[in-house]
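Q: Be aware that the first sequence starts at 273, since it is given in the working numbering, and climbs by one per residue. A virtual CB, placed ideally from N, CA and C, is assigned to each residue, including glycine.
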Amino acid sequence: MHLLLVDGSTYIFRAYHALPPLTRKSDGLPVGCVSGFCNMLFKLTEDLKGEDEPTHMAVIFDHSAKSFRNELYGEYKAHRPPAPEDLAPQFPLTRDATRAFSIPPIELEGWEADDIIATYACAARRAGGKVTIVSSDKDLMQLIEPDGSIRMLDTIPRPGQPPLRWIGPEEVFAKFGVTPDKVIEVQALCGDSVDNVPGVPGIGVKTAAELINTYGDLETLLSRAEEIKQPARRQKLIDNADLARISKQLVTLSQDVPLPLELDALARQPIDPGTLIPFLKAMEFTTITKRLAALLDADPDAWEADPALAAKPVSAVGFDNAARAEARAARHAADGKADAPAVLHAHRTHEAIRAIPFDLDAYTTITDPETLAAWIAGARQQGHVAIDTETTGLDNQAADLVGISLALAPGQAAYIPLGHVSGEGDIFGGGHAEGQMEMKDAIALLAPLLADPSILKIFHNFKYDHGVLCRFGLPVEGFDDTILLSYALDGPQFNTMAELARHWLGHEGIPIKDLLGSGKSQKTFAQVPIPDAARYGAEDADITLRLWHILKARLVPENATAVYETLERKLAPVLARMEARGISVDRQILARLSGDFAQRAAAFEAEAHELAGEKFNLGSPKQLGDILFGKLGLPGGTRTKSGQWATGAGVLEDLAARENVPLAKVIVDWRGLTKLKGTYTDALPGYINPRTGRVHTTYSQHSVLTGRLSSNDPNLQNIPIRTEDGRKIRTAFVAAPGNELVSADYSQIELRILAHIADIQALKDAFEEGLDIHAMTASEMFKVPIEGMPSEIRRRAKAINFGIIYGISAFGLANQLGIPRGEAGDYIKTYFERFPGIRDYMEEMRRRVKSEGFVTTLFGRKILFPNANSKNPAERAFVERASINAPIQGTAADLIRRAMIRMEPGLKAAKIEADMLLQVHDELIFEIPEGTADKAIPVITDIMQTAAEPAIRFSIPIQVDAHAATNWDEAH
DNA sequence: GCAAGGACGTA
DNA sequence: GTACGTCCTTGCA
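1) If you draw a straight line from the C-alpha of Ala-1030 to the C-alpha of Ile-1228, how long is it?
2) Leu-865: which of Asp-926, Gly-891, Ala-806, Thr-946 sits nearest, CA to CA?
3) Looking only at its chain, what residues have a beta carbon closer than 7 Å to the beta carbon of Arg-1205, apart from the 5 residues adjacent to it on each side?
4) Tell me whether the beta-carbon of Thr-912 lies closer than 8 Å to the beta-carbon of Ala-918.
5) Could you check the C-alpha separation between Glu-851 and Tyr-971 for me, to the nearest Å?
6) Considering Cα atoms alone, identify which of Thr-317, Ser-298, Thr-295 is closest to Val-278.
7) Exposed or buried, what is Gln-541 when buried is set at 16 or more other beta-carbons lying within 10 Å of its beta-carbon?
8) Using beta-carbon positions only, say whether Arg-397 and Val-403 come within less than 8 Å of one another.
9) When you compare the CB positions of Gly-440 and Gly-420, do they come within less than 8 Å of one another, or not?
10) With C-beta atoms as the reference, is Arg-1174 less than 8 Å away from Ala-1219?
11) Give me, in chain order, the residues of the same chain whose beta-carbon lies closer than 8 Å to that of Lys-520; leave out the 5 immediate sequence neighbours on both sides.
12) Given a cut-off of 8 Å, decide if Ile-1080 and Ile-1058 are closer than it, judged by their beta-carbon atoms.
13) Since Ile-855 sits in a beta bridge, which residues does DSSP pair it with?
14) Buried or exposed: where does Glu-1199 fall if 16 or more other Cβ atoms within 10 Å of its Cβ makes it buried?
15) Do the CB positions of Val-693 and Gln-799 come within less than 8 Å of each other?
16) Have a look at Pro-641, Ile-659, Asn-1144 and flag the residue whose alpha-carbon is nearest the alpha-carbon of Glu-710.
17) Hey, out of Ile-939, Val-933, Phe-869, whose CA is closest to Asp-954's CA?
18) Can you round the beta-carbon distance between Leu-564 and Leu-581 to whole angstroms, since I take them to be within the 8 Å contact cut?
19) Going by DSSP, what residue range makes up the beta strand (DSSP E) through Tyr-687?
20) So is Lys-508 buried or exposed if we call it buried at 16+ other beta carbons inside 10 Å?
21) Would you call Gly-1090 buried or exposed, if buried means 16 or more other Cβ atoms sit within 10 Å of its Cβ?
22) Following the continuous alpha helix (DSSP H) through Ala-1173, name the residue where it begins and the one where it ends.
23) Please state the DSSP three-state secondary structure of Ser-587.
24) Counting Cβ pairs closer than 8 Å, one from the stretch 956-964 and one from the stretch 666-675, do we hit at least three?
25) Start and end of the alpha helix (DSSP H) containing His-1028?
26) Do Thr-768 and Ile-730 have their beta-carbon atoms positioned less than 8 Å apart in this structure?
27) Which of helix, strand or coil does DSSP assign to Asn-1073?
28) From the DSSP output, read off the bridge partner residues of Ser-982.
29) Hey, Arg-1024 and Ile-688: beta-carbon distance below 8 Å or not?
30) On the three-state DSSP scale, how would you describe Gln-1191?
31) Return the CA-CA distance between Ile-715 and Thr-664, expressed in angstroms with no decimal places.
32) Using the Cβ count rule (16 or more neighbours within 10 Å means buried), how would you classify Ala-1146?
33) Is DSSP giving Lys-609 helix, strand or coil here?
34) Thinking just about the alpha-carbon of each residue, which of Ile-659, Met-1172, Ser-758 is nearest to the one in Leu-722?
35) Assign Pro-893 to one of three DSSP states: helix, strand, or coil.
36) Identify, in the order they occur along the chain, each residue of the same chain with its Cβ nearer than 6 Å to the Cβ of Lys-447, setting aside the five sequence neighbours on each side.
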């Protein structure tokens, strides 16, 4: 038996570094290393013919970075840089290549390739066989046997040397100065800087060999160290005895690896053209394919490229087919099955990134301009860098900048402390902490990098960081955002960096709570000690960079590029500017309203206590329920999920009307007033930013399933309008002096989109003619003329129209209209008969969500429903309704996003001065100079009305209504 | 001090 | 019947 063991890592790194980068033509998958690997493997089998021809063969790979040596010594291989990003995805392909040559690839979790090689080599020798190890790794030299039963072969080409160089005891002696069996003793002393094996400081190979040749082995040497004449050398050995012992353990190869394949299983197999050629074709290695086919005497055209690995042509198919192809790709990605090559690439990128361990102690703290300049140069050379800011708060319009982190590669990250304070940070805030860079120096160095659009800056939640950075003179051009990538791909299911890190990296980041504490004693980030801050901050940048690699690779195979690039990435800076502008709110108006509401609420409260015959907390639904349905014994009480009495507005209004309970009405009125007071008139003034004097909401671009925005702190998307008291709050939202507000809203946008998507001719005609759409619906359904229609009839039709948009059910409609279930069911039936397209649309969405797990908007946004096939019937019904609503709500959301993206350049081109301040789903609020409304409104409405074009040509008119006034109530 | 539930403001 | 965010009470730690 002659066993040939190929050290796969040597081959891979040689192929990678010696060859120019090569990518597969059809899809850009990096394959240069695979190509070199194939060539070397083939050349090896050609070179070893005749007496050196092996009977058994395997290629051994390193599985991952971790082995028992990391347990032994934490620093082992700690300084290894992570694999380059275009190399990592090729690792799995080299295994495929090995298999294609009918050679078993072997790797084992927790073991280095060298250990596996040692175990196989010794097993083969024990069985009386001969072993050749193909490698140039000196760590394997300890295995060489003087009898020639185990030899090494270095095939790496070196100038002026023969192509094949056998390594036996002589060559080992030339390198280590000892026989192979003493190599580990020498390595224990001299260590290895590449693998970070410490050895004894100050002792090199020469000295080590001399010592070992004198004393025989490490233990003998250490026990007789006192005898050494040179005082420095003697002391070093005594001081570092333990380090030497650990080093010996680190360099000693294990022979106890549980071998995945028996020796017999490594017996050589003839190369099978039916396996090899499909692989080579899939890689698109035309030259190698031809050459090997000729050598194997096979016809290369007899086989197709392996479909599991091959690039798949992008088909120019219609919307439906494209959607199905997407679904397939997404499913394959989820299954881990390789289908499209880009899916494969994404999958492998994920695996490779995930395999790189985190080392929080390896991060750098940058405190001087030279170091920062070096990192910036690194970013420029690479073309991308992940950036994260640390600040004193969650409101980017108020928070101060504390530090900035950078990450250039997985594991390679740094933190720049800028605004930390010293001491315990008492009420006086403490002083500026030691060991930080001057803020102005850091800004001067960073500004050109951030402003350079040719260098990609990668953020997690760009909008936040950008808001802070801008205020410190660091505007950003050219960015990616991992939260937006995630949102474009997976919707809002992973909302935070922690969730993304957990899911994609299997990594638990440092919880911010660990640094800041919580509750009353919570610190700000400025008070966090710099070393802790550096670990946390640099880790965030590191995580961001890793997530970017993984998520960005998924964009193409999962067809999310257009949504990410055109809807998400372009919108973020627009929203950032809207947030920075804020809106002016009149404190006095709110204060007056608060007083008024408080007085009237107090009167209601007293009346309620009177009517109930006792004092109770009107704000407690629990207490109220007990009084209404317990003490007063009123009939018709229903219970909530948790068994409490339900006391919602519907229940109370019913009670007031049917049972004539004045208490119920009083509670409704009291709740209305306290809601307005608590949520709006009392709370809003607290949001006025002292620096700007305005209220700055924060929009979330990545929280809503359908693609809408949400607004928080404060939520300016639910400012009251429906009641008279509520509307008064809107009068407090005012234009700055000398300005006006313009409110422009899409009219009936969701019904119009429904008419278009479901292709309802009657609805489309009505919109075309500008009819009252609810009256038209009523007249169609109930056969009543529009002229003189009773308002109740129109109200019912309106409820049905909204019901349709919401994924109607008889139960829900009955609830809404206060009619029996059967009657509501009849309405729906009638509606479907009058507008048959609706039923088809609803059926189609139900079918799609069940088979694909998602539905799409007209602009290609995927809306995922992971539990579409839930075992729970209620949940399934819910998904059905949501999947009917989602394309409608989502298309409207995409439409206004497009309008917002085009608004600023559109206004500028028309030379209109108007600042977009707020978005409320189908409405945009602008601030314009007084008296310019006549010019501004036509431009604004035009941009909104044509926002779908040219992507979509709606078959209904899109109508926008706009008004100007000095406050929001009157402008609406 | 925190999470859950109920209620209610918007499109 | 869809999609959100916030306030308040309650119950548990």
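A: The short version:
1) 12 Å
2) Thr-946
3) The question names Arg, but residue 1205 is Ala in the sequence shown. Glu-1012, Val-1014, Ala-1236, listed in sequence order.
4) yes
5) 7 Å
6) Thr-317
7) exposed
8) yes
9) yes
10) yes
11) Ile-456, Glu-457, Gln-459, Ala-460, Leu-490
12) no
13) Val-967
14) buried
15) yes
16) Pro-641
17) Phe-869
18) Incorrect: roughly 17 Å between the Cβ atoms, too far for contact.
19) 684-689
20) buried
21) exposed
22) Checking the displayed sequence, the identity of residue 1173 turns out to be Ile instead of Ala. 1145-1181 is the extent of the alpha helix (DSSP H) around Ile-1173.
23) With a pLDDT of 30 at Ser-587, under the threshold of 50, the modelled position of this residue cannot be trusted; read the value that follows with caution. Reduced to three states, the DSSP call for Ser-587 is coil.
24) yes
25) 1021-1029
26) no
27) helix
28) Ser-972
29) no
30) strand
31) 18 Å
32) exposed
33) Reliability of the predicted coordinates at Lys-609 is poor, the pLDDT of 43 falling under 50, and no value is obtained from them.
34) Ile-659
35) helix
36) none
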